[in-house]
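Asks:
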Amino acid sequence: MALTYIYNSDTPQGGQQINNTQSPINGNFQDIDTLMAVNHVAFNTVNDFGKHKFVSYVNQGSDPSTTVAEIALYSKAVQDSSNLSELFYRYPNDGTVVQLTGSSTSAESVTVGATYESGTNPSGYKYLAGSYQYLSSGLIFMTGNIQLPASSVYNAEIPVGDGIPVFSSAPLNIVVSAGDDRSGPNRYGVTIVDSTQFTIKQQNANNQNIYWIAIGV
Amino acid sequence: MSGPINTYISNVPQASQYIRATQKPIQSNFLAISELLSVNHVGFNDAENFGKHNFTSLPSQSVTPTTLSSEMVVYCAPSTGYNPYELFYRYPSNGSVVQLTGTSNSSSDITDGYAYISGAQPTTNLRAIMKWGLVTGLPSGSVTTTVNFPTGAGIPAFVSTPAVSWCFQGVPSSAGVDGLINGIAATGFQWFDNGSSGTWDIYYIAIGQGM
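Residue numbers (this note's numbering), protein chains in the order written: chain A, 3 to 219; chain B, -12 to 198.
1. Which of the three DSSP states, helix, strand or coil, is assigned to F136 of chain B?
2. Tell me whether A74 of chain A is buried or exposed, calling it buried when 16 or more other Cβ atoms sit within 10 Å of its Cβ.
3. I'd like the list of long-range same chain contacts for N41 of chain A, defined as Cβ closer than 8 Å, with 5 residues on each side in sequence excluded.
4. May I ask you to verify whether the segment 29 to 36 of chain B touches the segment 55 to 71 of chain B, counting CB pairs closer than 8 Å and requiring at least 3?
5. Please decide whether A172 of chain B counts as near chain A, where near means a Cβ-Cβ distance under 9 Å.
6. Considering N30 of chain A, what are the terminal residues of the alpha helix (DSSP H) in which it resides?
7. Which same chain residues, not among the five before or five after S87 of chain A, have their C-beta less than 7 Å away from its C-beta?
8. Could you list which residues in chain B have their beta carbon closer than 9 Å to that of G16 of chain A, in chain order?
9. Report yes or no: is there a C-beta of chain B within less than 9 Å of the C-beta of T6 of chain A?
10. DSSP three-state call for P65 of chain B: helix, strand or coil?
11. With 9 Å set as the bound, which would you pick, yes or no: does the beta-carbon of P151 of chain A sit closer than that to a beta-carbon of chain B?
12. Just to make sure I have the definition right: I need the residues of chain B whose C-beta is within less than 7 Å of the C-beta of T13 of chain A. Which are they?
13. Should I(-8) of chain B be labelled buried (16 or more other beta-carbon atoms within 10 Å of its own) or exposed?
14. Using the three-state DSSP reduction, which class does R7 of chain B fall into: helix, strand or coil?
15. Going residue by residue through the segment 23 to 92 of chain B, where are the continuous alpha helix (DSSP H) segments of at least 4 residues, counting only ones entirely within it?
16. Which bits of chain B does G29 of chain A rub up against, with CB to CB less than 8 Å?
17. Could you tell me whether any Cβ in chain A is nearer than 9 Å to the Cβ of V234 of chain B?
18. Residues in the segment 43 to 63 of chain B with C-beta within 8 Å of chain A's C-beta atoms, listed in sequence order?
19. Show which residues of chain E have a CB atom less than 7 Å away from the CB atom of W178 of chain B.
20. Identify whether Q156 of chain B lies in helix, strand or coil by the three-state DSSP scheme.
21. Any chance the segment 122 to 139 of chain B sits against the segment 169 to 189 of chain B, with 3 or more Cβ pairs inside 8 Å?
22. In this structure, what does DSSP give as the bridge partners for L121 of chain B?
23. Do the segment 143 to 150 of chain B and the segment 169 to 177 of chain B meet, that is, are 3 or more Cβ pairs less than 8 Å apart?
24. At least one CB of chain A closer than 9 Å to the CB of F145 of chain B: is that the case?
25. What are the residues in the segment 69 to 82 of chain B lying within 8 Å of chain A by C-beta distance?
26. By Cβ distance below 7 Å, which residues in the same chain neighbour G140 of chain A in space, the five residues on each side in sequence not counted?
27. Check A216 of chain A in the structure and name its three-state DSSP category.
28. By how many angstroms is the C-alpha of Q135 of chain A removed from the C-alpha of F143 of chain A?
29. With DSSP as the reference, identify every bridge partner of M144 of chain A, one or two as the case may be.
30. Using alpha carbons as the reference points, say which of A:N10, A:G16 and A:D33 lies closest to G4 of chain A.
31. Rounding to the nearest angstrom, what Cα-Cα distance links I8 of chain A and S3 of chain B in this structure?
32. Report buried or exposed for S133 of chain A, applying the criterion of at least 16 other Cβ atoms within 10 angstroms of its Cβ.
33. Have a look at T88 of chain B and S138 of chain A and give me their C-alpha separation to the nearest angstrom.
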């Protein structure tokens, strides 16, 4: 709902009669009071006046600029995600833009697994559930679970799809471990290929659920 | 951004002033209020979003903001890490200060890095930190090798034993490879392999409490 009065910042005018200025001045004061009560602790509140109760971020169409000693925090629409918007921040001096929030949901993880099971699929293995999370540092944290046959080497694809973040370069680190505790040898190795795939070798004599964690930017 | 264009005169009008002398300062105040609120905020006369924020610009604070018993603050302050400034938050009652953002230099620390995770213990100021690394040339032959987590200016340190997950880099081909890590501590961990020959490379991720 709009403010009751139209804020008139250029009032009073020098040529106005006093009886013509009472209304715009009064209206401005009421508008100021109403506006400051949005997000903020309003006038005449002991101790807390001027602080924020919370901050509502209106989605920005472009990234805000920053000076040399400040950081901007804002909201922006995101595409193909389970959320319509996410929080971002930008480093000083029009620096790097980092997505602060965003993660997969459990329902989405199931969908991801099903997608990959029917995707590129060398015979004998399949994707199970996975998830991702934006970390406040700007890193992307991604997990997955692949079922591999005994003593196998497979090229594993890093999940892609609606709303799933994409590593801009090869992940910084990937570790794998086995989900089944059976007879050895319990050796699991990974070779990071690029931003989209890595190679897993498991030398166990049995089929294994391989869990992996990848971090990257 | 320069300005402000308009000067805000907070103590106007005065009782002793003639009305003709107050028109200018009152007008200037209304202009200044509108000008100030247009910074970061959706301004007057926007029917839907007036008073909300387009974004919040957080100039660096040289003094940590104080907090009352039921409020928190988010602010920007200088950092000793890779970026000169980062976002922080503070718990109620002038509580713990927690760094919200920050990571190692992704361009130079490709294989060994760290990142803050936005969680912390409010009473101890300890928080979750993740470190990762690629360690090359680890020996076999029943030799124990100590692997230290990265240290240095701006790099957060674990204060207790982290959880460490690891795996080989590449594909171990030797039948004698059976490596393990033990002796995990805040400073690092120990690698042991009982194979007869060869050297191995491993990836690790450590998550633990630090500051």
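Even glycine gets a Cβ: it sits at the ideal position worked out from N, Cα and C. Here the structure is a predicted model, which is why all the values come from computation and not from measurement.
Replies: Taking the definition as stated:
1. coil
2. buried
3. H54, K55, F56, V57 and S58
4. no
5. no
6. Q24 to M38
7. N61, S77, K78, A79 and V80
8. R7, Q10, K11 and Q14
9. no
10. strand
11. no
12. Q14 and F17
13. exposed
14. helix
15. none
16. By Cβ distance, chain B contributes nothing, its closest Cβ being about 10 Å from G29 of chain A, past 8 Å.
17. Here chain B covers residues -12 to 198 and nothing more, so residue 234 of chain B does not appear.
18. T43, S44, L45, P46, S47, L55, E58, V61 and C63
19. Any reference to chain E falls outside this structure, whose protein chains are A and B.
20. strand
21. yes
22. B:Y190
23. yes
24. no
25. N70, P71, Y72, E73 and L74
26. V100 and V219
27. strand
28. 5 Å
29. A:Y134 and A:A216
30. Gly is not the amino acid found at residue 4 of chain A; the sequence shown has Ala there. Among A:N10, A:G16 and A:D33, the Cα nearest to that of A4 of chain A is on A:D33.
31. 30 Å
32. buried
33. 5 Å
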